[in-house]
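Here the structure is laid out as structure tokens; the discussion comes afterwards.
Number of protein chains: 2
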Amino acid sequence: MKHIITKLNQAFDHRIRLGIMSILMVSDWTDFNTLKETLDVTDGRLASHIKALEKEGYIEVRKRFVGRKPNTSYRVTPSGREAFQGHLNALEELLNNAKE
Amino acid sequence: MKHIITKLNQAFDHRIRLGIMSILMVSDWTDFNTLKETLDVTDGRLASHIKALEKEGYIEVRKRFVGRKPNTSYRVTPSGREAFQGHLNALEELLNNAKE
DNA sequence: ACATTAACTTTGAATTTCAAAGTGCTTTAA
DNA sequence: TTAAAGCACTTTGAAATTCAAAGTTAATGT
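Protein chains in written order, with the numbering used here: chain A, 135 to 234; chain B, 135 to 234.
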């Protein structure tokens, strides 16, 4: 039988993408700057990881103005939620295995 | 405050290294071929990930002969166990966060 | 007019990872 | 006895990923 690691999703392999998803899982729309500050990454780097998740269809974007400032927010899509759940389940299995 | 992802250990960022550690955490000496088959990776690739963990002092090696065949086995060191525990705790925190 | 904020995109370099082939030693098969 | 195969790597060179830094666009504040 196959090992649990084969159930891990490559899209969530990177810690920053893991961070983005774990934030978006428990909040609704979250804006760029909140993600940036929470995860403590540069804007360019955040943007590129966001783009990767968007490309997979795991998160969606909303652009609008808040007062007079542009504001971009993100949230997880249903398919993103499902995929991330699968990843979390695999991780959980791995944790339980490692702890016996 | 810092996000949980800062507590993740880079040495365990890769799925194969995660797999190696999660196997070694619950077994004593485990040999090269068992790891290779369980994780379904090529020998060269496995060897290089093992080497990375060895370099960090997280696993140790034992070489001997079983019958007439050379046999190399690995097990997690105390420091590897501690480091991996820390990583698992961070992951667990992340899971709980993501699930609310 | 000038700097600033926001949210990127681009570029090129550094790092990581990979498959594939090569290695050295030993055993088993023909 | 020559050949083939197993074991556990190491090496090589290429592909993929990730990064920091700088550039971009469009609006706002001063």
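Glycine included, C-beta positions come from ideal geometry on N, C-alpha and C.
Of all the CB atoms in chain A, is at least one closer than 8 Å to the CB of residue i?
| i | result |
| --- | --- |
| G191 (chain B) | no |
| G153 (chain B) | yes |
| E216 (chain B) | no |
| R209 (chain B) | no |
| D147 (chain B) | yes |
| V195 (chain B) | no |
| L225 (chain B) | yes |
| L222 (chain B) | yes |
Report the residue from the options whose alpha carbon sits nearest the alpha carbon of residue i.
| i | options | result |
| --- | --- | --- |
| I150 (chain A) | A:V160, A:L225, A:R179 | A:R179 |
| Q219 (chain B) | A:T140, A:F146, A:L229, A:E190 | A:L229 |
| G214 (chain A) | A:I138, A:T140, A:H137, A:I184 | A:I184 |
| N143 (chain A) | A:A232, A:N231, A:A224, A:K233 | A:A224 |
So which residues of chain A does residue i contact, with C-beta pairs closer than 8 Å?
| i | result |
| --- | --- |
| D174 (chain B) | K136, H137, T140 |
Tell me which same chain residues have a C-beta within less than 7 Å of the C-beta of residue i, skipping the five on either side of it?
| i | result |
| --- | --- |
| I157 (chain A) | T164, L169, T172 |
| V175 (chain A) | I150 |
| D152 (chain B) | The displayed chain sequence assigns Leu, not Asp, to residue 152 (chain B). Hits under 7 Å: F146. |
Along chain A, which residues have their Cβ under 7 Å away from the Cβ of residue i?
| i | result |
| --- | --- |
| S156 (chain B) | L228, N231, A232 |
Establish whether the CB of residue i and some CB of chain B are separated by less than 8 Å.
| i | result |
| --- | --- |
| I184 (chain A) | no |
With a CB to CB cut of under 6 Å and the five nearest residues on each side skipped, what residues in its chain are close to residue i?
| i | result |
| --- | --- |
| F166 (chain A) | T206 |
Can you name, in chain order, every residue of its own chain whose Cβ lies under 8 Å from the Cβ of residue i, other than the five neighbours on each side?
| i | result |
| --- | --- |
| T211 (chain B) | G191, Y192, I193, E194 |
| E227 (chain A) | I138, K141 |
Please list the partners that residue i has in chain B, where partner means a Cβ-to-Cβ separation under 8 Å.
| i | result |
| --- | --- |
| V200 (chain A) | Those do not exist, as V200 (chain A) stays about 23 Å from chain B at its closest Cβ, beyond 8 Å. |
For residue i, return the contacting residues in chain B, with the cut-off set at a CB-CB distance below 7 Å.
| i | result |
| --- | --- |
| L180 (chain A) | What L180 (chain A) touches in chain B: nothing, since even the nearest Cβ is about 12 Å away. |
Segment contact, 8 Å Cβ cut-off, at least three pairs: the stretch 179-195 of chain A with the stretch 201-220 of chain B: Because the criterion of three Cβ pairs below 8 Å is not met, the stretch 179-195 of chain A and the stretch 201-220 of chain B do not touch.
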